[in-house]
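Engineer: Taken in sequence, the protein lines are chains A and B. FYI, the numbering for the first sequence is 73 to 304, going by our numbering. FYI, the numbering for the second sequence is 73 to 304, going by our numbering. We put the beta carbon where it would ideally sit given N, CA and C, even for glycine.
2 protein chains.
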Amino acid sequence: MNRAGSFEMAKTLTEEVYDRLRDDIVTLRLKPGEKVSEERLARRYEVSRAPIRDAIQKLLQEELVLVKPQVGTIIMPLSLIRIKDVVEVRMLLEPYAAGAAAERVTDHDLEALDQNFRQLEQGGLDRNRTDEILFVTDNMLHQTIWRLCGNNEIYNVLYNYRGLVQRTVLAKVNPSKRVAPSRDEIFAIFKALQMRDRDAARRAMQEHVSGILGLIEQLIREEDAFLLEGVG
Amino acid sequence: MNRAGSFEMAKTLTEEVYDRLRDDIVTLRLKPGEKVSEERLARRYEVSRAPIRDAIQKLLQEELVLVKPQVGTIIMPLSLIRIKDVVEVRMLLEPYAAGAAAERVTDHDLEALDQNFRQLEQGGLDRNRTDEILFVTDNMLHQTIWRLCGNNEIYNVLYNYRGLVQRTVLAKVNPSKRVAPSRDEIFAIFKALQMRDRDAARRAMQEHVSGILGLIEQLIREEDAFLLEGVG
DNA sequence: CCTAACATACTGGTATGTCAGTTGTCAATC
DNA sequence: GATTGACAACTGACATACCAGTATGTTAGG
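1. Look at the Cβ atom of residue 131/B, then the Cβ atom of residue 181/B, and state whether they are nearer than 8 Å.
2. With a CB to CB cut of under 8 Å and the five nearest residues on each side skipped, what residues in its chain are close to residue 110/B?
3. For residue 275/B, which of 203/B, 171/B, 105/B and 104/B has the nearest alpha-carbon?
4. Fully enclosed by the segment 102-182 of chain A, which alpha helix (DSSP H) runs are 4 residues long or longer?
5. With DSSP run on the structure shown, which of helix, strand or coil describes residue 83/B?
6. Would you kindly report the start and end of the unbroken alpha helix (DSSP H) that includes residue 203/A?
7. With a threshold of 8 Å between beta carbons, is residue 292/A in contact with chain B?
8. Anything in the segment 103-133 of chain B with a Cβ closer than 7 Å to a Cβ of chain A? List those residues in chain order, please.
9. Taking a Cβ distance cut-off of 7 Å, strictly less, list which residues of the segment 225-246 of chain A are near chain B, in chain order.
10. Between the segment 155-183 of chain A and chain B, which residues of the former have CB atoms less than 7 Å from a CB of the latter, in chain order?
11. By DSSP, does residue 269/A sit in helix, in strand, or in coil?
12. Roughly how many angstroms separate the alpha carbons of residue 273/A and residue 265/A, rounded to a whole number?
13. Evaluate contact between the segment 93-107 of chain B and the segment 232-241 of chain B, counting only Cβ atoms and requiring at least three cross-stretch pairs below 8 Å.
14. Does the pairing of the segment 161-177 of chain B with the segment 208-226 of chain B give three or more beta-carbon distances under 8 Å?
15. Using beta carbons (cut-off 8 Å, strictly below), is residue 149/A in contact with chain B?
16. Look at residue 288/A and residue 156/A and say whether their C-beta atoms are less than 8 Å apart.
17. Let's test the definition: count the other Cβ atoms within 10 Å of the Cβ of residue 286/A and tell me whether it reaches 16, buried, or not, exposed.
18. Should residue 223/A be flagged as near chain B, meaning a C-beta pair shorter than 8 Å?
19. So is residue 149/A buried or exposed if we call it buried at 16+ other beta carbons inside 10 Å?
20. Could you run through the segment 84-99 of chain A and flag, in chain order, every residue whose CB is less than 9 Å away from some CB of chain B?
21. Note down, in chain order, each residue of its chain lying with its Cβ closer than 6 Å to the Cβ of residue 278/B, except the 5 sequence neighbours on either side.
22. My guess is that residue 192/A and residue 255/A are in contact by the Cβ rule of under 8 Å, so how many angstroms apart are they, rounded?
23. Give me the residue from 94/B, 189/B and 271/B with the minimum Cα distance to residue 135/B.
24. Going by the CB atoms, is the gap between residue 284/A and residue 208/A shorter than 8 Å?
25. Please confirm whether residue 206/B and residue 262/B have their CB atoms less than 8 Å apart.
26. With residue 102/B and residue 147/B assumed to form a contact (beta carbons below 8 Å), what rounded beta-carbon distance in angstroms separates them?
27. I need the boundaries of the alpha helix (DSSP H) containing residue 242/B, first residue and last residue.
28. Which value, in whole angstroms, describes the spacing of the CA atoms of residue 116/A and residue 107/A?
29. Give the single residue among 133/A, 86/A, 89/A and 153/A whose Cα lies nearest to the Cα of residue 295/A.
30. Under the assumption that residue 281/B contacts residue 162/B (Cβ atoms under 8 Å), give the Cβ distance between them as a whole number of angstroms.
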């Protein structure tokens with residue numbers, strides 16, 4: 073059911089609601105901690121409460137919402153600790169996945185990635201556009217690796233996390249700080265894939281996720297400092 | 073919402089149905105590939121279709137069932153390939169978890185585990201009873217480690233897999249083959265926890281999961297051989 | 001005997017109504 | 001002024017009814 077098949081049959085309302093709701097959450101149109109209700113959502117999306125309930129069940133599984141019976145449903149608050157846990161899992165899985173993918177990547181996959189990287193290199197674009205391409209490229213690289221690693225469970229686990237990470241990045245990360253290192257990191261991964269070098273791919277991915285983990289840890293420190301400041 | 077809190081409030085019907093349905097699946101009372109229907113299940117458990125649907129959503133997330141719209145719902149067929157993927161993920165996560173747990177385990181946790189291991193050692197029990205205790209002990213050891221590893225996401229991922237693994241073991245594994253090595257393996261893990269030895273715990277767990285992986289791979293080979301035989 | 005149109009039974013998807021539990025309000029009470 | 005408790009508003013849990021899509025058996029036509 074995962075790993076988007078070439079083209080989908082007609083989506084059910086549940087799926088449609090799920091997609092829209094999920095997008096509203098990860099793009100922060102629905103804010104962390106915000107209270108929603110099945111009925112209001114039903115009116116908002118102009119469907120009945122049934123598909124809303126089903127969609128919320130799926131979001132519950134991704135832990136993007138929190139349901140308290142008889143009280144309400146809230147958008148899962150951001151938790152840097154939780155994101156740190158997620159990134160730690162990625163740290164354990166993704167280097168292996170990258171290594172496996174290096175041995176399985178096809179020319180077609182490499183070509184698709186190469187197009188994005190060429191856009192990145194030519195430069196001359198304004199900052200926002202560069203960041204956007206970087207974001208898309210990074211995403212594509214990761215998802216390509218998940219898909220190619222030959223282990224569908226790894227794909228599932230990592231795929232399910234993508235919303236959480238994306239939401240955190242949008243909410244907390246000042247893009248300007250992180251662009252340069254990130255670009256070098258993912259480029260190194262791409263190069264390793266091109267050379268079908270398992271070890272190099274593993275190391276490059278390890279480096280990359282370490283970078284993300286370091287960023288998260290720094291954010292946690294900043295948050296702690298802010299909280300202490302508030303008290304003092 | 074995970075990590076069973078000390079005592080639960082009144083369960084919702086959905087939770088109750090989920091528990092019963094899940095148990096019926098992992099104990100093979102509902103057989104892999106068997107077709108079920110929301111309405112029949114509703115009659116069987118004497119509830120309406122609503123809680124059945126919610127429960128099925130949860131089982132869908134664990135991939136214990138497969139839902140085809142307008143066609144039916146079937147119990148997820150056993151797939152050794154899939155289990156192999158699952159065990160590979162465990163191979164990447166559990167050694168780390170065991171190492172982390174070794175540094176966090178409390179005397180209370182050790183005492184609880186020790187009780188089980190003492191039962192195993194004294195012997196003099198019939199085979200079935202020994203296997204049962206071994207099974208329980210193994211389960212407790214793993215879940216203790218997941219809980220103690222300090223990373224809730226690792227816990228969640230591994231916890232979600234427990235049904236799939238259990239079902240496969242029940243369906244495919246001839247217990248007599250596997251008892252002795254498994255006992256030594258988990259005992260080594262326990263010892264490492266007792267000594268709070270991170271590296272030893274990691275290695276012992278690696279060994280243990282390797283053993284399981286080897287078992288699965290052997291089962292796959294046997295299945296292939298059987299299929300080829302059928303053709304020849 | 002085969003094929004294709006059709007009738008039928010069954011499925012999950014969806015809409016809607018009801019219910020019991022929770023929460024916040026606000027007046028009665030101390 | 002603080003505490004309490006009745007009450008109204010709102011929530012998700014659950015029941016029920018209906019719908020549209022799918023599979024399958026049946027039959028008319030060749």
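Structural biologist: Taking the geometry as given:
1. Taking 8 Å as the Cβ cut-off, residue 131/B and residue 181/B do not qualify as a contacting pair.
2. Excluding sequence neighbours, residue 110/B sits near 121, 124, 125, 128 and 145.
3. Among 203/B, 171/B, 105/B and 104/B, the Cα nearest to that of residue 275/B belongs to 171/B.
4. As far as the segment 102-182 of chain A is concerned, its whole alpha helix (DSSP H) runs of at least 4 residues are 110-117, 121-133 and 152-174.
5. Taken through DSSP and simplified to helix, strand or coil, residue 83/B comes out as coil.
6. Its alpha helix (DSSP H) spans residues 199-220.
7. Not a single CB atom of chain B sits nearer than 8 Å to the CB of residue 292/A.
8. For the segment 103-133 of chain B, the set of positions with a beta-carbon nearer than 7 Å to some beta-carbon of chain A reads 126, 129 and 133 in chain order.
9. Identification of residues in the segment 225-246 of chain A having a C-beta nearer than 7 Å to some C-beta of chain B yields 225, 226 and 229, given in sequence order.
10. Near chain B, meaning a CB-to-CB distance below 7 Å, the residues of the segment 155-183 of chain A are 157, 158, 160, 161, 164, 165 and 168.
11. In the three-state reduction of the DSSP assignment, residue 269/A falls in the coil class.
12. Spanning the two alpha carbons is a distance of roughly 6 Å.
13. Taking 8 Å as the limit for Cβ pairs, the verdict is that the segment 232-241 of chain B does touch the segment 93-107 of chain B.
14. Contact between the segment 161-177 of chain B and the segment 208-226 of chain B is present, because at least three Cβ pairs lie under 8 Å.
15. Interface with chain B (8 Å Cβ-Cβ cutoff): residue 149/A is excluded.
16. Taking 8 Å as the Cβ cut-off, residue 288/A and residue 156/A qualify as a contacting pair.
17. Here residue 286/A is exposed: its Cβ has fewer than 16 other Cβ atoms, across all protein chains shown, within 10 Å.
18. Output row for residue 223/A: interface = yes.
19. Classified as exposed, residue 149/A has fewer than 16 neighbouring CB atoms from the shown chains inside 10 Å of its CB.
20. Those residues of the segment 84-99 of chain A that come within reach of chain B (Cβ to Cβ, closer than 9 Å) are 84.
21. If we look at residue 278/B and ignore the five residues flanking it on each side, its Cβ neighbours are 167.
22. Going by Cβ atoms, the distance from residue 192/A to residue 255/A rounds to 6 Å, so yes, they are a contact pair.
23. Distances from the alpha-carbon of residue 135/B to those of 94/B, 189/B and 271/B put 94/B closest.
24. It is not a contact, given that the beta carbons lie outside the stated cut-off.
25. In this structure, residue 262/B does not lie closer than 8 Å to residue 206/B by Cβ.
26. Correct: roughly 5 Å between the Cβ atoms.
27. 224-244 is the extent of the alpha helix (DSSP H) around residue 242/B.
28. The straight-line gap from Cα to Cα measures roughly 14 Å.
29. The closest CA to that of residue 295/A, considering only 133/A, 86/A, 89/A and 153/A, is found on 153/A.
30. Yes, residue 281/B and residue 162/B are in contact; Cβ-Cβ is about 5 Å, under 8 Å.
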